[in-house]
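Note sheet for the following structure.
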Amino acid sequence: MVSDSLGRYAFVDVPPGPQHLTIQRIGYAPRTLHALVPGEGRLQINIAVHPVPIQLTTIVVRSTVAVRGVESGDSTSLPERGISMAAVRNDPLLAEPDGLLGLGGGEVVASPETPSGVHVRGGASDQTQYLLDGIPVFSPYHAAGTFSAWNPDALERLQVSSASPSPDFPDALSGTVSAVTRAPGSVTRMQGGMSTTQARMALDGPLGRSGAGYLLSFRTGFPAVLAPRHEASYLKGDTHDLIAKVAATALGGSLRFLLYDAGNSIVSTAAARGTDGRPLRNSFTWSSRSLGAQWALRTGTAVVRLQTWTASSDAEAIWIVGVPLGMTGERHDEGVLAVVEQSGAGSSTNAGLRIERSHTNYRVAPGDSGGPTLDLRGRTPVATIFLQHEGSLGSRLATHVALSAASAAGALHLNLQTQVRWQLSDVLELSGTYARSHQFSQSLRNSESVVGNIFPADLYVGAGAYGVPVARNDRGVLAADYRPLPGLRLGAQGYLSHSTGLLLVAPQTDQPFATDGFATGSGTAPGFSLDAALSGARYGLLARYGWQRVRVKHADSSYTPGYGTNQLLELGGIVFPTATSSVRLGLTGGLGRHATGITGAFEWEACNLLDRGCEFSGDPQTTGAIGAVRLPAYLRLDLSVRKHWHLNLGGRDVTLAFFGTMTNLLGRHNVLTIATDPVTGRRTAIEMRPRAPLVIGLDWRF
Numbered sequence: 002m003v004s005d006s007l008g009r010y011a012f013v014d015v016p017p018g019p020q021h022l023t024i025q026r027i028g029y030a031p032r033t034l035h036a037l038v039p040g041e042g043r044l045q046i047n048i049a050v051h052p053v054p055i056q057l058t059t060i061v062v063r064s065t066v067a068v069r070g071v072e073s074g075d076s077t078s079l080p081e082r083g084i085s086m087a088a089v090r091n092d093p094l095l096a097e098p099d100g101l102l103g104l105g106g107g108e109v110v111a112s113p114e115t116p117s118g119v120h121v122r123g124g125a126s127d128q129t130q131y132l133l134d135g136i137p138v139f140s141p142y143h144a145a146g147t148f149s150a151w152n153p154d155a156l157e158r159l160q161v162s163s164a165s166p167s168p169d170f171p172d173a174l175s176g177t178v179s180a181v182t183r184a185p186g187s188v189t190r191m192q193g194g195m196s197t198t199q200a201r202m203a204l205d206g207p208l209g210r211s212g213a214g215y216l217l218s219f220r221t222g223f224p225a226v227l228a229p230r231h232e233a234s235y236l237k238g239d240t241h242d243l244i245a246k247v248a249a250t251a252l253g254g255s256l257r258f259l260l261y262d263a264g265n266s267i268v269s270t271a272a273a274r275g276t277d278g279r280p281l282r283n284s285f286t287w288s289s290r291s292l293g294a295q296w297a298l299r300t301g302t303a304v305v306r307l308q309t310w311t312a313s314s315d316a317e318a319i320w321i322v323g324v325p326l327g328m329t330g331e332r333h334d335e336g337v338l339a340v341v342e343q344s345g346a347g348s349s350t351n352a353g354l355r356i357e358r359s360h361t362n363y364r365v366a367p368g369d370s371g372g373p374t375l376d377l378r379g380r381t382p383v384a385t386i387f388l389q390h391e392g393s394l395g396s397r398l399a400t401h402v403a404l405s406a407a408s409a410a411g412a413l414h415l416n417l418q419t420q421v422r423w424q425l426s427d428v429l430e431l432s433g434t435y436a437r438s439h440q441f442s443q444s445l446r447n448s449e450s451v452v453g454n455i456f457p458a459d460l461y462v463g464a465g466a467y468g469v470p471v472a473r474n475d476r477g478v479l480a481a482d483y484r485p486l487p488g489l490r491l492g493a494q495g496y497l498s499h500s501t502g503l504l505l506v507a508p509q510t511d512q513p514f515a516t517d518g519f520a521t522g523s524g525t526a527p528g529f530s531l532d533a534a535l536s537g538a539r540y541g542l543l544a545r546y547g548w549q550r551v552r553v554k555h556a557d558s559s560y561t562p563g564y565g566t567n568q569l570l571e572l573g574g575i576v577f578p579t580a581t582s583s584v585r586l587g588l589t590g591g592l593g594r595h596a597t598g599i600t601g602a603f604e605w606e607a608c609n610l611l612d613r614g615c616e617f618s619g620d621p622q623t624t625g626a627i628g629a630v631r632l633p634a635y636l637r638l639d640l641s642v643r644k645h646w647h648l649n650l651g652g653r654d655v656t657l658a659f660f661g662t663m664t665n666l667l668g669r670h671n672v673l674t675i676a677t678d679p680v681t682g683r684r685t686a687i688e689m690r691p692r693a694p695l696v697i698g699l700d701w702r703f
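Sequential numbering from 2 applies to the sequence shown in my numbering.
Okay, structure coming up:
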């Protein structure tokens with residue numbers, strides 16, 4: 002029945018007498034009336050209905066799970082790598098969020114379980130440089146359960162630039178890892194966590210009403226939180242890191258101050274004993290501090306950026322091998338950077354000047370003598386001018402060319418980066434890159450020593466004195482980036498890297514750091530990597546494969562370093578069975594592993610909850626030919642679970658989560674290295690992490 006314009010309608014031919022009248026309409030409460038219809042005439046009834054809310058069926062809207070490579074808004078194209086902290090937190094291969102480890106896979110390698118640095122395209126760990134909001138940072142590593150010395154709660158995104166790095170980055174052979182800290186919010190926010198390895202906190206918010214904001218984060222590690230008190234083989238000590246940032250507007254532009262500080266103190270027990278019968282302790286301490294300011298001004302299509310910083314690192318070690326050896330290493334840099342960037346239609350041009358002054362001191366002396374066995378002091382000023390241009394050649398081709406000239410160590414060093422990108426279709430991009438780079442300081446830590454598992458600090462010495470060379474690297478990269486569907490990405494790349502002027506410690510000493518000199522040599526690293534990432538509303542899948550053949554040459558011999566595993570495989574997945582829970586499974590494998598054998602007393606247990614911590618004792622020294630020990634294949638399967646809840650406290654939504662990881666589910670006996678008894682000649686495999694709980698903890702956000 003249809004009503005008229007006033008909403009009236011009529012029933013005809015209704016029998017006289019009592020009748021029931023029911024009115025129903027969507028969004029209103031129903032009404033039922035009793036009407037007495039007369040025998041003749043018309044009965045008029047006016048009815049009012051009352052609106053009532055209707056509960057609709059719940060509609061759940063989910064974005065795809067953030068995993069590296071298929072994040073929304075991620076424009077990073079292969080061969081470079083980028084990752085947001087949201088993807089780091091979803092990485093199925095990580096027991097806890099770790100920005101540096103989140104970049105791993107393929108051509109970016111970190112040793113499993115106890116990494117001593119990040120290796121890019123076959124380079125040593127000291128050939129990778131680090132930036133935090135554009136400020137240089139040295140040795141951003143912890144040990145004994147935690148690797149990255151950057152609190153994940155303070156970070157927003159990380160990227161590794163290797164194929165075609167920006168010329169305004171610090172000088173580095175392999176590449177640069179740069180991290181961006183979280184932008185301060187308009188309201189005060191806090192997030193943090195506590196686990197069996199660490200406790201962390203990050204706080205950000207506004208400063209007054211001027212638009213300024215702040216970020217403050219602090220973290221401390223627990224190397225011996227569960228260790229038995231009376232067993233001296235367990236690692237003891239502490240680790241911490243601090244990030245403080247203030248962002249404001251000044252002189253018509255944006256101004257930012259950053260302070261970074263990290264410290265580590267690790268103590269283990271040597272096999273030797275003192276005159277009082279107590280065990281002598283090996284000890285390792287290292288710290289890193291950076292302070293910088295950046296001012297940027299946008300005027301039309303141009304951006305002017307000025308930056309200044311000071312960055313330093315300090316390391317000390319007491320190593321007991323017969324008599325104690327004392328080592329100290331220091332680096333202190335100051336620098337300024339001025340950049341002008343001009344952007345136009347589909348192109349941009351940067352020009353700038355970078356001036357740095359680096360001071361390095363390295364000293365080793367035995368405990369029973371006042372005379373050092375090695376004393377190197379370097380002063381390395383570096384002045385660099387650079388020019389780079391990005392533009393398009395038609396609708397499908399884009400180019401990137403950068404030239405720089407650095408005056409250092411008494412000579413002029415020319416760097417070149419060039420890249421061509423071909424957008425073959427809307428879903429497929431091909432690229433080719435060539436880059437030449439130089440590095441003016443290198444590390445005197447012995448990367449072949451197992452001590453690097455607990456002492457990953459870089460021990461820098463500057464080029465230009467005492468025979469320290471300027472290192473040079475030439476590399477070419479071909480890459481394909483294929484994104485056929487939303488949430489699916491496939492990538493492949495091949496590369497060839499060649500370095501000269503490398504400072505080598507392993508051929509000169511069997512100790513964990515240089516004691517009386519060093520050798521020089523060269524290195525080559527051909528390789529390729531394959532990547533796949535798939536993301537849906539309730540799942541994320543990752544697959545990474547890398548092949549490389551790293552060879553280091555010196556004099557008339559060559560070797561494969563311990564970080565030069567021939568084949569690397571990573572498979573992982575995260576599933577959300579409910580909106581508040583997740584399950585992760587991660588598989589890590591390695592074939593063609595090499596190590597340098599050790600001799601001397603050595604006790605080792607990788608960090609895990611079953612063994613109640615991390616064990617390292619004795620005075621292991623390398624023995625035999627470098628890299629001559631061929632280790633069996635590495636394989637580890639880990640399972641992680643996470644569950645979070647939402648609470649309303651003081652009108653704020655608080656997220657509280659519980660997580661835990663079970664490692665090495667297959668119970669495989671993976672091998673760290675081979676130890677040889679100096680008396681009997683017996684060879685013993687030093688095993689890595691057992692099947693055990695690895696970490697449990699809580700985190701929160703509000």
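Glycine included, C-beta positions come from ideal geometry on N, C-alpha and C.
{"Asked": "Residue interval of the beta strand (DSSP E) (run including Met663)", "Found": "653-664"}
{"Asked": "Within 7 Å, strictly: CB atoms of Glu430 and Ala507", "Found": "no"}
{"Asked": "C-alpha gap between Val383 and Arg437, whole angstroms", "Found": "17 Å"}
{"Asked": "Straight-line gap, Leu730 to Asp459 (C-alpha atoms, nearest Å)", "Found": "Missing from the structure shown is residue 730; the chain here goes from 2 to 703 and no further."}
{"Asked": "Neighbourhood of Asp134 by C-beta distance below 8 Å, restricted to the same chain and skipping five residues each side", "Found": "Ala180, Val181, Thr182, Lys246, Arg257, Leu259, Gly293, Gln295"}
{"Asked": "Whole-angstrom C-beta distance between Gln568 and Phe529, which should lie under 8 Å", "Found": "Going by Cβ atoms, the distance from Phe529 to Gln568 rounds to 11 Å, so no, they are not a contact pair."}
{"Asked": "Beta-carbon proximity of Glu114 to Met663, cut-off 7 Å", "Found": "no"}
{"Asked": "Continuous beta strand (DSSP E) stretch holding Arg643: start and end", "Found": "635-650"}
{"Asked": "Of the listed residues Pro527, Ser149, Ala520, nearest to Asp557 (C-alpha basis)", "Found": "Ala520"}
{"Asked": "Beta-carbon proximity of Asp169 to Gly353, cut-off 7 Å", "Found": "yes"}
{"Asked": "From Phe456, Gly70, Arg380, Leu22, residue whose alpha carbon lies closest to that of Thr147", "Found": "Phe456"}
{"Asked": "Given 8 Å, three or more beta-carbon pairs between the segment 234-246 and the segment 584-600", "Found": "no"}
{"Asked": "Cβ-Cβ distance between Gly124 and Ser187 below 7 Å", "Found": "no"}
{"Asked": "Expected contact under 8 Å - CB spacing of Asn283 and Ile321 to nearest Å", "Found": "6 Å"}
{"Asked": "Bounding residues of the alpha helix (DSSP H) (the contiguous stretch that carries Arg90)", "Found": "86-91"}
{"Asked": "Selected residue, minimal CA-CA separation from Ala466, among Ser523, Asp532, Pro562, His360", "Found": "His360"}
{"Asked": "Length of the line joining the Cα atoms of Ser288 and Gly379", "Found": "20 Å"}
{"Asked": "Distance, Thr197 Cα to Val365 Cα", "Found": "36 Å"}
{"Asked": "Gly698 - partner residues in DSSP beta bridges", "Found": "Ser196, Phe660"}
{"Asked": "Cβ-Cβ distance between Gln440 and Ala412 below 7 Å", "Found": "no"}
{"Asked": "Residue from Tyr564, Leu542, Trp548, His595 whose Cα sits closest to the Cα of Gly574", "Found": "Leu542"}
{"Asked": "Beta-carbon spacing of Gly1, Ala248 below 7 Å", "Found": "The structure shown does not extend to residue 1, since the chain is modelled only from 2 to 703, so the question has no answer here."}
{"Asked": "Local conformation of Ser426 per DSSP, three classes", "Found": "coil"}
{"Asked": "Endpoints, the alpha helix (DSSP H) within which Gly100 is located", "Found": "100-103"}
{"Asked": "Reduced DSSP secondary structure (H/G/I, E/B, other) of Val305", "Found": "strand"}
{"Asked": "Minimum Cβ-Cβ distance from Glu232 to chain D less than 7 Å", "Found": "The chain labelled as chain D is not found in the depicted structure, where only one protein chain is given."}
{"Asked": "Buried or exposed by the 16-neighbour rule on C-beta atoms within 10 Å, applied to Asn649", "Found": "exposed"}
{"Asked": "For Asn609, the first and last residue of its enclosing beta strand (DSSP E)", "Found": "603-609"}
{"Asked": "Chain-order list of residues whose beta-carbon lies under 6 Å from that of Leu491 (same chain, five-residue window excluded)", "Found": "Tyr483, Ala533"}
{"Asked": "Ile84 to Val304 span [Cα, whole Å]", "Found": "26 Å"}
{"Asked": "Alpha carbon of Gly563 to alpha carbon of Arg290, nearest angstrom", "Found": "29 Å"}
{"Asked": "Between the CA atoms of Ala580 and Pro17 - distance to the nearest angstrom", "Found": "60 Å"}
{"Asked": "Separation of Gly547 from Gly74, as counted between CA atoms", "Found": "26 Å"}
{"Asked": "Neighbourhood of Val50 by C-beta distance below 7 Å, restricted to the same chain and skipping five residues each side", "Found": "Ile24, Arg26, Tyr29, Ala30, Arg32"}
{"Asked": "Opposing strand residues paired with Trp151 [DSSP bridges]", "Found": "In the DSSP output, where bridge partners are listed per residue, Trp151 has none listed."}
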